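Inspection log for the structure reproduced underneath, given as structure tokens.
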Amino acid sequence: MNIRACLATANVFVGCCCAVVFLELIVKLDPGAGNLITAGQFAFIALEGFVFTSKFGTVKRVISLRDYGLLVVMFFMTSVCNNYVFHLNVPMTLHMIIRGGSLISNMCLGTVILKRQYRLEQYIAVIMITVGIFICTYFSSQDVGVNKRHGDGNAEANIFWWLVGVLLLVLALFISSYMGITQELLYRKHGKCAREALFYTHLLPLPAFFFMHDNIKAHWTVAMESETYRFEWLGGVVVPLLLLYLIGNILMQHLCISSVYFLTTECSSLTVTLILTLRKFISLVFSIIYFRNPFTIYHWLGTVLVFVGTLIFANVLSLPVGRWRRNAVKND
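Residue 118 in full-length UniProt numbering sits at position 118 of the sequence shown, and the numbers go up by one each step.
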């Protein structure tokens, strides 16, 4: 990789990992703040793109708004779902593990839509990832506590909403994979224009947040009324703690996603997949250790299956199957 790609990789680790930390800090204080977080991220990235990418609307688009339509809808849906599921009892650790299973949805859609062929090792890897996610999901369901935000607060209602959250995550996973295919086809047709895509996928969905204004307003009020933090070095300025976490998450998310978009133009999709997989694993371990999230030996087993399966799929680790097949060919 060149220097720019190395710098972007460092920004991915710093931005994405810090964004996850701020996100977990927020949802521990206000689990229903998902729509507020998503709206803040979209608004900031759209504003930054309007100034530095669109040059206040003076730069001509490479891709038409019509071509962006489906991409924008899918990106909006995945972003809202991924942040809202915390309100449905889904823990951060399970959230990261399920999102780490994107190769499953990529393979399924790649086979059906792009007619791609995969190696035997890749099918084995996807089976490992599927089993790993199932193990983590099953044992996470046993740790779901009573949550009075839903229904009458009993365990059955709590597990029901947890299941809804998991299904939303899986749906978002497949939508995100289809979005990746759509983006790939657009880049083939128009050339890679990552900065423009980043700007318009965040700008165009902004009006949709008006339909969530009651929820966003309510959680903005919660943020402004939260515990405060005093900056002594600024003359004793007092700022709500949740607001600080929100600003931190928005800034780090911008660094994260802009670096990922840049990496897609500088590195192969394989390299990007490996970088993001390693980043997710680091975020997961940090979340377990720092936030002391419940994590049993079964969760570790599922996690290892997911991430080892991802490395096998990306051909970083090899299985004896591949060597057996090559030896069989030589013998023939």
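For glycine and all other residues, C-beta sits at the position ideal for the given N, C-alpha and C.
Nothing here was measured: the structure is a model prediction, and the numbers come from that model.
_For TYR229, three-class secondary structure by DSSP_ = Taking the sequence shown and counting its residues from 1, one reaches residue 229 at position 229. TYR229 falls in the strand class under three-state DSSP.
_Check whether GLY309 and ILE129 have beta carbons under 8 Å apart_ = On the sequence shown, residue 309 is found 309 positions in, with the first residue counted as 1. On the sequence shown, residue 129 is found 129 positions in, with the first residue counted as 1. For the 8 Å CB-CB criterion, GLY309 and ILE129 form a contact.
_Do SER226 and GLU24 have their beta-carbon atoms positioned less than 8 Å apart in this structure?_
Along the sequence shown, read from residue 1 onward, the residue named residue 24 stands at position 24. Along the sequence shown, read from residue 1 onward, the residue named residue 226 stands at position 226. In this structure, SER226 does not lie closer than 8 Å to GLU24 by Cβ.
*To the nearest angstrom, report how far apart ILE312 and LEU255 are at their CA atoms.*
Here residue 312 is taken as the residue at index 312 of the sequence shown, counted from 1. Here residue 255 is taken as the residue at index 255 of the sequence shown, counted from 1. So the two alpha carbons sit approximately 29 Å from each other.
*By DSSP, does VAL222 sit in helix, in strand, or in coil?*
Reading the sequence shown from its first residue, position 222 is the one you call residue 222. DSSP, read as helix, strand or coil, puts VAL222 in helix.
_Any 3 or more C-beta pairs closer than 8 Å across the region 238–253 and the region 20–38_ = Segments in contact, yes.
*Alpha carbon of ILE37 to alpha carbon of HIS219, nearest angstrom*: Reading the sequence shown from its first residue, position 37 is the one you call residue 37. Reading the sequence shown from its first residue, position 219 is the one you call residue 219. Rounded to whole angstroms, the separation of the alpha carbons of HIS219 and ILE37 is 10 Å.
*asked:* At the level of alpha carbons, what is the spacing between ALA19 and ASN11?
replied: Counting from one through the sequence shown, the residue named residue 19 turns up at place 19. Counting from one through the sequence shown, the residue named residue 11 turns up at place 11. Cα to Cα, ALA19 sits roughly 11 Å from ASN11.
*asked:* Can you look up PRO91 in the DSSP assignment and give me helix, strand or coil?
replied: Mapped onto the sequence shown, residue 91 falls at position 91. Reduced to three states, the DSSP call for PRO91 is coil.
*Put VAL316 into one of helix, strand or coil per three-state DSSP.*
Locating residue 316 in the sequence shown gives position 316, where the first residue counts as 1. Three-state DSSP puts VAL316 in coil, outside helix and strand.
*Is PRO240 helix, strand or coil by DSSP?*
As a first step, residue 240 must be located in the sequence shown, where it is residue number 240. Strand, per DSSP.
*Can you give the Cα-Cα distance for LEU319 and GLU121, rounded to whole angstroms?*
The residue you call residue 319 lines up with position 319 of the sequence shown. The residue you call residue 121 lines up with position 121 of the sequence shown. Looking at the two C-alpha atoms, the distance is approximately 7 Å.
*Secondary structure of ASP214, DSSP reduced to three states*: Reading the sequence shown from its first residue, position 214 is the one you call residue 214. Helix at ASP214.
*Would DSSP call LYS189 helix, strand or coil?*
As a first step, residue 189 is located in the sequence shown; it is residue number 189 there, counting from the start. Helix, per DSSP.
*Are three or more beta carbon pairs between the region 266–285 and the region 63–71 nearer than 8 Å?*
Note that the region 266–285 does not touch the region 63–71; fewer than 3 beta-carbon pairs, one per stretch, sit closer than 8 Å.
_By the three-class DSSP mapping on this structure, what secondary structure does ARG195 have?_
The residue given as residue 195 occupies position 195 in the sequence shown. The answer is helix: DSSP assigns ARG195 an H, G or I state.
_Whether THR201 touches PHE75 by CB criterion (8 Å)_ = Here residue 201 refers to the residue found at position 201 of the sequence shown. Here residue 75 refers to the residue found at position 75 of the sequence shown. Yes, they are a contact pair.
*Taking 8 Å as the threshold, find out whether the region 166–181 comes into contact with the region 96–110 through three or more Cβ pairs.*
These segments touch.
*asked:* Looking only at its chain, what residues have a beta carbon closer than 8 Å to the beta carbon of PHE291, apart from the 5 residues adjacent to it on each side?
replied: For the purposes of this step, residue 291 is taken as residue 291 along the sequence shown, with counting starting at 1. Sequence-distant Cβ neighbours of PHE291 in its own chain, meaning closer than 8 Å and more than five residues away, are GLU24, LYS28, MET92.
*asked:* Taking 7 Å as the limit between beta carbons, can you name the residues of its chain near CYS136, skipping five residues before and five after?
replied: Stepping through the sequence shown from its first residue, residue 136 is reached at position 136. Result list for CYS136: LEU94, ILE97, HIS299, GLY302, THR303, in chain order.
*With DSSP run on the structure shown, which of helix, strand or coil describes residue 333?*
Residue coverage of the chain in this structure runs from 1 to 332, which leaves residue 333 outside it and unanswerable.
*asked:* List, from N- to C-terminal side, the alpha helix (DSSP H) runs of 4 residues or more that fit wholly inside the region 52–135.
replied: Entirely contained in the region 52–135, the alpha helix (DSSP H) runs reaching 4 residues are, in chain order, 65–84, 92–99, 102–113.
*Please look up how many angstroms separate the CB atoms of MET224 and PRO240, rounded, as I've assumed it's under 8 Å.*
Translated into the one-based positions of the sequence shown, residue 224 becomes position 224. Translated into the one-based positions of the sequence shown, residue 240 becomes position 240. Your pair MET224 and PRO240 checks out as a contact, with CB atoms roughly 5 Å apart and the cut at 8 Å.
*Is DSSP giving PRO294 helix, strand or coil here?*
On the sequence shown, position 294 is the one that residue 294 refers to. Of the three classes helix, strand and coil, the one that applies to PRO294 here is coil, per DSSP.
*Does the Cβ of LYS148 have 16 or more other Cβ atoms within 10 Å, making it buried, or fewer, making it exposed?*
Taking the sequence shown and counting its residues from 1, one reaches residue 148 at position 148. Residue confidence for LYS148 is low, a pLDDT of 47 falling below 50, so the modelled location carries little weight; the figure read from the coordinates is stated next. A residue is called buried when at least 16 other Cβ atoms come within 10 angstroms of its Cβ; LYS148 does not meet this threshold and is exposed.
*Determine, using beta carbons only, whether VAL72 and LEU204 come nearer to each other than 8 Å.*
Here residue 72 refers to the residue found at position 72 of the sequence shown. Here residue 204 refers to the residue found at position 204 of the sequence shown. Yes. Within cutoff.
*Please name the residue in ILE289, GLY101, ILE113, TYR118 whose C-alpha comes closest to that of ILE133.*
As a first step, residue 133 must be located in the sequence shown, where it is residue number 133. Answer by Cα proximity: GLY101.
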